[in-house]
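**Q**
Chains as they are written, first to last, in the numbering used here: chain A, 12 to 194; chain B, 790 to 1205; chain C, 10 to 986; chain D, 13 to 99.
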């Protein structure tokens, strides 16, 4: 039986490279959304702890081994990477679990101009004191719902809805061109 | 004094020394037959038609600031009769007919200009909805034409037909739609009412409504108590506060609507254009400014000023629709306070207090309604019975479910 | 005329430019205004109404006359202030509002008719005959109005919008702003310093003052170097245009308007600056004095004359007279004299003015008139000893200074009048309507001396630091001039001829007095009646004088007369900047399905569905229009099998112990009784009783549901579910999460659907009941299969993780084609659903109830649900409601048209007789006739009736038959089959 | 205009959806009188001054918020999550 070929969300749209900034596609692997039921936050945290992950406070993210855990909204976290199946199974009674692996286009904006580029599209206070490494925000990227993580001083990971990948790349590219032109 | 071209000429030759006050500045009397609270467009036209149509003379209009200082002087001046729900369609049709004779009626040039209003559509679904509307307009006796893309292109060649996010597929043309000079409407009615003996009292804020035995007896004001047999509340933007003086809660939430005008330009836009996908409408004033606006800021407000998110949205809509306007510069912006009702249609009705009447809830369509609103409110106050074309503008229609929801967005006040 | 050795221009860099086609040369550092003035170009424009010749008055953004069209990116940009346009090589500018030329303007005839064109004349005339208003008068007025011409070509140059955040925004980089920024930055605050000018320094660039023992510009340069070292973000060419709520400011940066070749640079950027505190140090604007003939080219503001001299090395005239009511005017005279320019007279209206000057001083004197045709030649002065003529090709006028209070008043507070400086100053902080966190200082706060500005700037910086919880140190202030303000208000000199207030709108003192005579005595009435302050310069140079003239006319004081409302923007902002990114497709995100490219490969035209794009139809050769393709696709689905991407429908995953109870509350019908593995149609109402949306609800497990929404309502439904869960029913334990984007979902529908699916499923489908769902594997991928139908045929929807969408769609279509099937688009989908009477938002348009749709059976009587109570209102049901019906054309070739209205046959088509309307219509290839759905008053009792379908817009008048709203397989045998 | 989301911190107004007065929290019982439903859905105090209304952090964390603010000055007085308020 024939197998189905995967098509990545951004595909040939990326990379985009200008002076001072690069935009590349991220392949975060499996993305599991975990939304604890009433009173189950502690139980969920305990299970995640076994994978070396902390339940993220709002606006934060953490790393545990090959996994990462990002706050992703009210009472919700995304685990990035392959959560061991037994742990996932144990979470099931404590939280609503959905597979978000295919729902997002993930990309990374990096370079000395990254913050200036993002300031053209995101209303967040991106100054490093206000949005330090590891900080996460659900905030619009221009008119698109997005999730933003600062993964380094000059590095941001961006998630937008898969269907909007083309618009997101287009708008980021325009901002990159503009910042590059300012030199 | 009668205004005319001849009068302007003779005054010009004699040094313009003969002009007199447009209206008197009377002291409030202790008692009137009828007190109208609110000296905006609707209040002034109510007073005018009470005197003109019903022969009443002992009337006062109480205005807390200056005449025409509310929404009548703060709007995008659009005049149209393109509604499709029974209850609205006959009312706005009546209003447009009054507009068409307003200069002669008031001896005041309100610069009513039937430049043609084009509602653009962008999909088959929108076309069908506009067709329904246009057919309703025609059966009401008003005018409507359905334009295809090519016809719109001939009229509005500067729209972005090639690269717009929501391509223009056609439009509904309402040739009798247009604009008027907003302040002139207030001043024209004020002058007309004054000439018929109505006392227009500025800087007179109503602070209380007096009742006795379930009947209105007068009002308290910053300039003293005034007795009245009948009182009309016509204070769009402040309806809730004034109604509360009579112990009423209204189905109204107040919102801010911003509008914008650019620097003066030579004629660039001939029509009134409305772009539904972006909530954007625009026309060009006789002075050359592009006058345009969009949606509410969407939060309840009495601040008469707005914020950037809607400003930017409106500008972006303008850019996607007609990218030539990028070179025009916004000169002024302003915010009006809108009475938003749960179905987007107004209220002209009696109240539970006998002798107390209310005209409110114009959402952001009050300007074009000024003549008919006054006409119908005057009829209601003079005869005690609703005017035929305003009989569905009932205060209790939300309780009974006899709604006039043109937008179909339901009971959330700000969605209309 | 240039003065050797003066100015901050770089004389080694010459720049060639054209004005009205004539070549001129200026220098690096010039504005178009300074370069034109240096070239001796006195006449620069024609006035708005009377087409009077006009010259430059100011040197900044308040300029009312120096408005030109500048060629940029291939088109003329109208109404550019020559004072704000920096000169660059090759600049092309043209004067406006004149024909055939600036010197000989035919329309100057208007000036002769001025007695008839006073304030509000148009309200009193043009009324007869009625038809002439729109036919003649108005077109003439429109053609005469406006100044520049807006090109019809799209603005395609790049613009941008940017966000910035800071502790402190300092508005204005004059001495006060620089001190405030230094004070705050030295204490470690994160500061943005924005200034409208290309070069920081404010008035220090225009004066000969020393600061701390060095020339002003040198002190500025040193301070700016320190600010940059401290990490302050300095934003030149940036006008803060509006103060909005919670520390948000709008600012316009002119990024590339000064460059001959801007390339990829945005032409302008609109900034949203979020500041915890702000200092308003925007300086002050000089005001004029109104006297007859005060608009003649050559009559200028004294401070501007000084600025042209000191900053640009330009003498505004060779024989200059100065007219003042305050000491500052003397500075202009002294600076001119020191530069070797003849000062023909210093005319000071004050009887006690200082006399010690190396030129003639006429005190207690006033300018009564001016002479000259296109440029000033002399002025007539009234003194104690009678009138006399003073020769002058430039008259520098100073009426005092107005603090730039605008931003401090953008929240509605009014400025207050300080008698001793005769000026309005910003409202007291903390008063209602002040801008929270905004600290005015320096000249903007009425402090006019340089030393005063430095001290006040430091005070403001310290105040801001305290509010930011940072310790700040007062530093020793540099020494600077500290002249007191000496001014005696003089607004108008009355005499023969017109004295102009608002030059941009041609408003005279007579106009203001006429307004007062006619009862327009409120300052707002006066403004609106005369149009004072409503032109391009927003009356920045004239509003205070105008209200003073009004105050005099009404016998009131200036403060009692008050100001009009201050509103954004402070200076005009281009729509391209505030609307940056909106042009073309940028207005809204484009959402593409995973099958988008496959559909394009098949040449499908795409249509917008909300933000999504979906294929209209899949054309084949021999199909000239969409109609043939659509008919073929419908027939193929009905006879074989069709494939359609339905991923755009909203998909919401609802999980939790109380998920079923929750869904029972949001749907009218009951979902808790649904068995796992089954799907049910559901109807959601708004709380007002109207239908919000419909869709399917699949129970995947005991506490696990997957519901679908229509494409258009996905966002609204998600928000609604969150509201119910968080606000109305927090007692219920569940989570609702959107999974729309995670899945690619395709309808496989038609008699051969099952056979097609069997080809791709790892386990062939045995029996699968209608309205069932299950997990399946296809091509080795975990997938979900739903047996549901929107076409009326046996139908399935197969969902796979979105990464496989592209491949699966292509595979499904290929397999369908191999079986004689096809891909189908939105047109066919619509026909298929109309034939079955299924609903879309054409029917669910927000005014329809379950009763109207004949779905009252779905309204459970056993439970509460959203919308239940309100739907029991009398107006929401009953025979007066228009109810959903089917409509069939009765005549051959007749078409049912969506949007048409329904009338009883033979009745007059007036609203009273209007029975309803058509919501959806199509040619049904299955039935071979035109059909539609619509709403009809008491429609369910009218099946079988014949009605008149009237579409006056399109000239259609046909007879239709009313039917049940299902035309095809009414018992659902095929669908359930 | 900015709202301080209890989860996300201060954010621009454009991230939020405004619903209306906090009256919407007090949903009448299913069998309440029609007058109670009319008041719930339609009638508003509509105060010029301090009010309590409902917002949704649509483009952020998805929290429904109870906001105390002033309709005349636009001052934000407090922002709380509805869910915490109701708990």
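Cβ coordinates follow ideal geometry from the N, Cα and C atoms, glycine included.
Small disclaimer: the values here were computed from a predicted structure and weren't measured.
#1: Pair every Cβ in the segment 90-101 of chain C with every Cβ in the segment 340-347 of chain C, then say whether three or more of these pairs are closer than 8 Å.
#2: Would you mind sorting residue 842 (chain B) into buried or exposed? The rule is 16 or more other CB atoms within 10 Å of its CB.
#3: Comparing the C-beta of residue 440 (chain C) with each C-beta of chain B, is any distance below 9 Å?
#4: Anything in chain A within Cβ reach of residue 746 (chain C), meaning under 7 Å, just list it in chain order.
#5: Give me whichever residues DSSP pairs with residue 411 (chain C) in a beta bridge.
#6: Helix, strand or coil, according to DSSP, for residue 1031 (chain B) in the structure here?
#7: Check each residue of the segment 127-152 of chain A: if its Cβ is closer than 9 Å to any Cβ of chain D, include it; give the result in chain order.
#8: Mind pulling the chain D residues with CB within less than 8 Å of residue 156 (chain A)?
#9: Based on the DSSP output, what are the partners of residue 1122 (chain B) in its beta bridges?
#10: In chain order, what residues of the same chain have a beta carbon less than 6 Å from the beta carbon of residue 16 (chain D), not counting five sequence neighbours either side?
#11: On the DSSP letters alone, give me the boundaries of the beta strand (DSSP E) that residue 939 (chain C) sits inside.
#12: Note down, in chain order, every chain D residue with its Cβ under 8 Å from the Cβ of residue 662 (chain C).
#13: Do residue 1055 (chain B) and residue 1078 (chain B) come within 9 Å of each other at the CB atom, strictly closer than that value?
#14: Which residue from B:1062, B:1204, B:800 and B:1036 puts its Cα closest to that of residue 128 (chain C)?
#15: Whose C-beta lies closer than 6 Å to the C-beta of residue 851 (chain C) among residues of the same chain, with five residues either side of it excluded?
#16: Per DSSP, what are the beta-bridge partners of residue 823 (chain B) in this structure?
#17: Quick one: Cα of residue 1008 (chain B) to Cα of residue 1143 (chain B), how far?
#18: Under DSSP, the alpha helix (DSSP H) around residue 43 (chain C) begins and ends at which residues?
#19: Between residue 195 (chain C) and the rest of its own chain, which residues show a CB-CB distance below 8 Å, the 5 nearest in sequence each way excluded?
#20: Restricting to Cα atoms, I'd like to know which of A:169, A:31 and A:98 is closest to residue 57 (chain A).
#21: Please return the same chain residues whose Cβ sits closer than 7 Å to the Cβ of residue 260 (chain C), not counting the five positions on each side in sequence.
#22: Does the separation of the CB atoms of residue 1178 (chain B) and residue 831 (chain B) fall below 9 Å?
#23: If you reduce the DSSP assignment to three classes, tell me which class residue 53 (chain C) lands in.
#24: So the candidates are C:317, C:453 and C:787; which of them puts its Cα closest to the Cα of residue 69 (chain C)?
#25: At 4 residues or longer, what runs of the alpha helix (DSSP H) sit wholly inside the segment 419-469 of chain C?
#26: I'd like to know if residue 247 (chain C) contacts chain B, where contact means its C-beta is closer than 9 Å to some C-beta of that chain.
#27: For the segment 635-652 of chain C against the segment 830-842 of chain C, do three or more pairs of beta-carbon atoms, one drawn from each stretch, fall closer than 8 Å, so that the two count as touching?
#28: On a CA-only basis, which of C:448, C:357 and C:747 is nearest residue 715 (chain C)? Give me that one, please.
#29: May I ask which residues mark the beginning and end of the alpha helix (DSSP H) holding residue 615 (chain C)?
#30: With DSSP as the reference, label residue 549 (chain C) as helix, strand or coil.
#31: On a Cα-Cα basis, can you pick out the residue from C:11, C:625 and C:60 that is closest to residue 913 (chain B)?
#32: Using beta-carbon positions only, say whether residue 143 (chain C) and residue 902 (chain B) come within less than 9 Å of one another.
#33: Please report the straight-line C-alpha distance between residue 797 (chain B) and residue 526 (chain C), rounded to a whole angstrom.
#34: Taking only the alpha-carbon atoms, compute the straight-line gap between residue 312 (chain C) and residue 339 (chain C) and give it to the nearest angstrom.
#35: Considering residue 184 (chain A), what are the terminal residues of the alpha helix (DSSP H) in which it resides?
#36: Would you call the segment 592-604 of chain C and the segment 949-956 of chain B touching, i.e. three or more CB-CB distances under 8 Å?
**A** Taking the coordinates as given:
#1: Here the segment 90-101 of chain C does not lie against the segment 340-347 of chain C, with fewer than 3 beta-carbon pairs under 8 Å apart.
#2: Residue mapping note: residue 842 (chain B) aligns to position 53 of the second chain, counting from 1. Around the CB of residue 842 (chain B), fewer than 16 other CB atoms lie within 10 Å, so the residue is classed as exposed.
#3: Within the third chain, the letter at position 431 stands for residue 440 (chain C). So no, residue 440 (chain C) is outside the interface.
#4: In the third chain, the residue the question calls residue 746 (chain C) occupies position 737. Neighbours of residue 746 (chain C) on chain A, chain order: 44, 46, 107 and 109.
#5: Along the third chain, one-based indexing puts residue 411 (chain C) at 402. Answer is C:294, bridged to residue 411 (chain C).
#6: On the second chain, position 242 is the one that residue 1031 (chain B) refers to. Secondary structure at residue 1031 (chain B): helix, using DSSP grouped into helix, strand and coil.
#7: Per Cβ criterion, the list reads 134, 135, 136, 141, 148, 149, 150 and 151.
#8: Your numbering for residue 156 (chain A) matches position 145 in the first chain. Those are 71, listed as they occur along chain D.
#9: One-based indexing of the second chain puts residue 1122 (chain B) at position 333. Within the DSSP bridge table, the entry for residue 1122 (chain B) names B:1049 as partners.
#10: For this step, residue 16 (chain D) is matched to residue 4 along the fourth chain. Hits under 6 Å: 22 and 91.
#11: As a working mapping, residue 939 (chain C) is identified with position 930 in the third chain. Its beta strand (DSSP E) spans residues 938-946.
#12: By 1-based counting over the third chain, the position of residue 662 (chain C) is 653. Those within 8 Å of residue 662 (chain C) in chain D number zero; the least Cβ separation is about 14 Å.
#13: Taking the first residue of the second chain as 1, we reach residue 1078 (chain B) at position 289. Taking the first residue of the second chain as 1, we reach residue 1055 (chain B) at position 266. No, Cβ-Cβ distance for residue 1078 (chain B) and residue 1055 (chain B) is not below 9 Å.
#14: Against the third chain, residue 128 (chain C) aligns to sequence position 119. Taking only the C-alpha atoms, the option nearest residue 128 (chain C) is B:800.
#15: Looking up residue 851 (chain C) in the third chain gives position 842. Cβ contact annotation for residue 851 (chain C) (same chain, cutoff 6 Å, sequence separation greater than five): 928 and 929, in chain order.
#16: Counted from its first residue, the second chain places residue 823 (chain B) at position 34. Here residue 823 (chain B) is bridged, per DSSP, to B:848 and B:1019.
#17: Mapped onto the second chain, residue 1008 (chain B) falls at position 219. Mapped onto the second chain, residue 1143 (chain B) falls at position 354. Going by the C-alpha atoms only, they are around 14 Å apart.
#18: If you number the third chain from 1, residue 43 (chain C) lands on position 34. Per DSSP, the continuous alpha helix (DSSP H) segment holding residue 43 (chain C) begins and ends at 41-47.
#19: In the third chain, the residue the question calls residue 195 (chain C) occupies position 186. Closer than 8 Å at Cβ, skipping near neighbours: 239, 481, 482 and 484.
#20: The sequence position of residue 57 (chain A) within the first chain is 46, counting from 1. Taking only the C-alpha atoms, the option nearest residue 57 (chain A) is A:98.
#21: As a first step, residue 260 (chain C) must be located in the third chain, where it is residue number 251. Cβ within range, chain order: 203, 247, 248, 249, 250, 280 and 282.
#22: As a working mapping, residue 1178 (chain B) is identified with position 389 in the second chain. As a working mapping, residue 831 (chain B) is identified with position 42 in the second chain. No, the Cβ-Cβ distance between residue 1178 (chain B) and residue 831 (chain B) is not below 9 Å.
#23: The residue given as residue 53 (chain C) occupies position 44 in the third chain. Residue state, collapsed to three classes: coil.
#24: For the purposes of this step, residue 69 (chain C) is taken as residue 60 along the third chain, with counting starting at 1. Ranked by Cα distance from residue 69 (chain C), the first of C:317, C:453 and C:787 is C:317.
#25: DSSP runs (the alpha helix (DSSP H)) wholly in the segment 419-469 of chain C: none.
#26: Indexing the third chain from 1 puts residue 247 (chain C) at position 238. Chain B has no Cβ within less than 9 Å of the Cβ of residue 247 (chain C).
#27: Result yes; three or more Cβ-Cβ pairs closer than 8 Å.
#28: For the purposes of this step, residue 715 (chain C) is identified with residue 706 of the third chain, where counting begins at 1. Of the listed residues, the one whose Cα sits closest to residue 715 (chain C) is C:747.
#29: Taking the first residue of the third chain as position 1, residue 615 (chain C) is located at position 606. Segment 615-618 is the beta strand (DSSP E) holding residue 615 (chain C); no alpha helix (DSSP H) there.
#30: Translated into positions along the third chain, residue 549 (chain C) becomes position 540. Three-state result, residue 549 (chain C): coil.
#31: On the second chain, position 124 is the one that residue 913 (chain B) refers to. Residue 913 (chain B) has its Cα closest to that of C:625, out of C:11, C:625 and C:60.
#32: Walking along the third chain from the start, residue 143 (chain C) turns up at place 134. Walking along the second chain from the start, residue 902 (chain B) turns up at place 113. When the beta-carbon positions are compared, residue 143 (chain C) and residue 902 (chain B) come within less than 9 Å of each other.
#33: Here residue 797 (chain B) is taken as the residue at index 8 of the second chain, counted from 1. Here residue 526 (chain C) is taken as the residue at index 517 of the third chain, counted from 1. Taking the straight line joining both Cα atoms gives about 15 Å.
#34: Counting from one through the third chain, the residue named residue 312 (chain C) turns up at place 303. Counting from one through the third chain, the residue named residue 339 (chain C) turns up at place 330. When rounded, the distance between both Cα atoms is 10 Å.
#35: Position 173 of the first chain, counted from the first residue, corresponds to residue 184 (chain A). For residue 184 (chain A), the uninterrupted alpha helix (DSSP H) segment begins and ends at 176-193.
#36: Segments in contact, yes.
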